[in-house]
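Trainee:
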Amino acid sequence: TYLPVALLIGAGLALGAYRLQANRQSFKEQLRRAMRANEFQVHYQPVYGRATGRCEGVEALMRWERPGVGPVRPDVFIAAAEADGMIIELTRHLLTLIERDVLTWATPPDFHVGVNIAAEHLSSPGLVPDIQAFAAAIVARRPLVVLEITERSLISDNGQARRNIDTLRAEGLRVAIDDFGTGHCSLSYLQKFPVDYLKVDKGFVQAIGPAGEEAPVLDAIITLASRLGLAVVAEGVEARYQFDYLEARGVAFFQGYFFARPMPSAEFARWHAAGAKPATA
Ligand code: C2E
Ligand code: MG
Ligand code: MG
Ligand code: MG
Numbered sequence: 250t251y252l253p254v255a256l257l258i259g260a261g262l263a264l265g266a267y268r269l270q271a272n273r274q275s276f277k278e279q280l281r282r283a284m285r286a287n288e289f290q291v292h293y294q295p296v297y298g299r300a301t302g303r304c305e306g307v308e309a310l311m312r313w314e315r316p317g318v319g320p321v322r323p324d325v326f327i328a329a330a331e332a333d334g335m336i337i338e339l340t341r342h343l344l345t346l347i348e349r350d351v352l353t354w355a356t357p358p359d360f361h362v363g364v365n366i367a368a369e370h371l372s373s374p375g376l377v378p379d380i381q382a383f384a385a386a387i388v389a390r391r392p393l394v395v396l397e398i399t400e401r402s403l404i405s406d407n408g409q410a411r412r413n414i415d416t417l418r419a420e421g422l423r424v425a426i427d428d429f430g431t432g433h434c435s436l437s438y439l440q441k442f443p444v445d446y447l448k449v450d451k452g453f454v455q456a457i458g459p460a461g462e463e464a465p466v467l468d469a470i471i472t473l474a475s476r477l478g479l480a481v482v483a484e485g486v487e488a489r490y491q492f493d494y495l496e497a498r499g500v501a502f503f504q505g506y507f508f509a510r511p512m513p514s515a516e517f518a519r520w521h522a523a524g525a526k527p528a529t530a
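Okay, so the sequence shown: first residue is 250 according to full-length UniProt numbering, each after it adds one.
1) Cβ of E484 versus every heavy atom of ligand 6: is any distance shorter than 6 Å?
2) Please list, in chain order, all residues of the same chain as L339 whose beta carbon is under 6 Å from its beta carbon, the five residues on each side excluded.
3) Where the beta carbon is closer than 6 Å to any heavy atom of ligand 2, which residues qualify, in chain order?
4) What three-state label does DSSP hand E526 in the structure shown?
5) Can you name, in chain order, every residue of its own chain whose Cβ lies under 8 Å from the Cβ of G461, other than the five neighbours on each side?
6) Determine contact between the stretch 452–467 and the stretch 405–422, defined as no fewer than three beta-carbon pairs at a distance below 8 Å.
7) Less than 8 Å between the CB atoms is what I'm expecting for Y438 and I404, so what's the real figure, rounded?
8) Does R322 come out as helix, strand or coil in the three-state DSSP assignment?
9) DSSP beta-bridge partners for V296?
10) Measure the alpha-carbon distance for A483 versus I258 and round it to whole angstroms.
11) Any chance the CB of M311 is under 6 Å from a heavy atom of ligand 1?
12) Do you know how far the Cα of V395 is from the Cα of R322?
13) Which same chain residues end up closer than 7 Å to A368 when comparing Cβ atoms and leaving out the 5 residues on each side of it in sequence?
14) Only counting the same chain, and skipping five residues up and downstream in sequence, which positions put a Cβ closer than 7 Å to that of G375?
15) Let me confirm a value: S275 is counted as buried when at least 16 other C-beta atoms fall within 10 Å, else exposed. Which label applies?
16) Please work out which residues of its chain come closer than 7 Å, Cβ to Cβ, to A464, disregarding the five sequence neighbours upstream and downstream, and give them in chain order.
17) Would you mind listing the alpha helix (DSSP H) stretches within the stretch 346–418 that are 4+ residues and don't spill past its ends, in chain order?
18) Where DSSP assigns a beta bridge to I426, which residues make up the other side?
19) Is there a Cβ of chain C sitting closer than 7 Å to that of A385, yes or no?
20) So A518 and P295 are in contact, right, with Cβ under 8 Å, and what is the actual spacing, rounded?
21) Quick check: does the Cβ of D415 come within less than 6 Å of any heavy atom belonging to ligand 3?
22) Tell me which same chain residues have a C-beta within less than 8 Å of the C-beta of P320, skipping the five on either side of it?
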């Protein structure tokens with residue numbers, strides 16, 4: 250009686266694996282088709298500087314609008330692209346879109362252009378030429394290119410990521426650790442990796458109470474960054490009380506709906522030309 254059951258289970262597993270395989274193949278194809286059909290867009294979210302009170306840069310955020318389906322959440326399709334070995338190809342496509350957009354803006358020299366880089370890309374020998382080509386394409390605007398990398402890419406590094414970071418920083422690019430405090434939290438890599446910014450995840454900003462109640466983990470991250478000589482970028486700032494709290498603790502950069510939402514390139518260009526007024530001013 251066991252044999253037919255075992256056969257049935259075996260057949261089921263094989264079918265499941267086959268289906269997964271078929272889906273994976275088609276997802277890869279879907280991504281490639283979407284790139285060819287220009288379904289990807291980049292939205293740009295302003296980053297404000299404490300010292301100047303002005304918009305000092307943007308973070309580029311990928312968007313995918315599927316015809317007949319609607320927007321696909323970036324964290325979802327990016328995770329799928331990573332799982333399918335497509336993230337480098339997708340990021341290269343994104344970089345060409347950003348190049349085209351940045352060249353249409355009238356931003357001043359040293360305007361920050363932040364790009365999210367996945368772990369696999371950071372630890373690949375292709376990263377340096379990819380980013381050098383990107384920086385060269387937009388050199389007319391003289392921007393400051395900031396690579397946003399995750400804690401995960403540092404922890405899993407076998408040496409290539411470190412070499413890539415060293416090479417690019419020596420050429421004047423900057424590096425931010427993104428979503429700081431949400432990954433596999435190991436502080437030892439902060440001593441080993443030369444980086445420029447710590448981007449504090451919005452989860453920590455949301456821990457600030459509406460009456461200014463303390464957020465001890467956030468306070469500790471800010472102190473840690475300052476002791477390491479890193480500038481803090483607070484993300485997900487949605488309310489005045491969050492901004493006040495962060496400003497009082499010397500946070501250097503702010504990003505969030507309180508200042509501005511991510512917007513398409515043309516809208517950003519108009520908004521910037523009109524004075525880059527914060528949403529709440
Ligand atoms: P992230 O890099 O931490 O980006 C910040 C996210 O916070 C963005 O979500 C942004 O729209 C959102 N955000 C900004 N201000 C606020 C706010 O005040 N309140 C709230 N609740 N959210 C705010 P988004 O665009 O959905 O992107 C999600 C994540 O997907 C990003 O998180 C990043 O990890 C990833 N991602 C997006 N674009 C790319 C990309 O081009 N490459 C890679 N590797 N990852 C990307
Ligand atoms: Mg980011
Ligand atoms: Mg985040
Ligand atoms: Mg972030």
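Yeah, the Cβ is synthetic: ideal placement off N, Cα and C, and Gly gets one too.
Mentor: Once the coordinates are examined:
1) Questions concerning ligand 6 fall outside what the structure shown contains, since the ligands it does hold are ligand 1, ligand 2, ligand 3 and ligand 4.
2) Apart from sequence neighbours up to five positions away, the residues of its chain that approach L339 with a beta-carbon distance below 6 Å are A330, ordered along the chain.
3) E308, N365, E397 and D427
4) The question names Glu, but residue 526 is Lys in the sequence shown. Three-state DSSP puts K526 in coil, outside helix and strand.
5) Y490, D493 and Y494
6) no
7) 6 Å
8) Residue state, collapsed to three classes: coil.
9) For V296, the beta-bridge partners assigned by DSSP are G306.
10) 51 Å
11) The nearest non-hydrogen atom of ligand 1 is less than 6 Å from the C-beta of M311.
12) 23 Å
13) T399, R401, S402 and S405
14) I337
15) exposed
16) The beta carbon of A464 lies closer than 7 Å to those of F453, A456 and I457 in the same chain, with the five residues before and after it left out.
17) 368–371, 376–386 and 400–404
18) I398 and L447
19) Absent from the structure is chain C; it holds one protein chain and no more.
20) So it is not a contact: roughly 12 Å between Cβ atoms.
21) no
22) R312, W313 and E314
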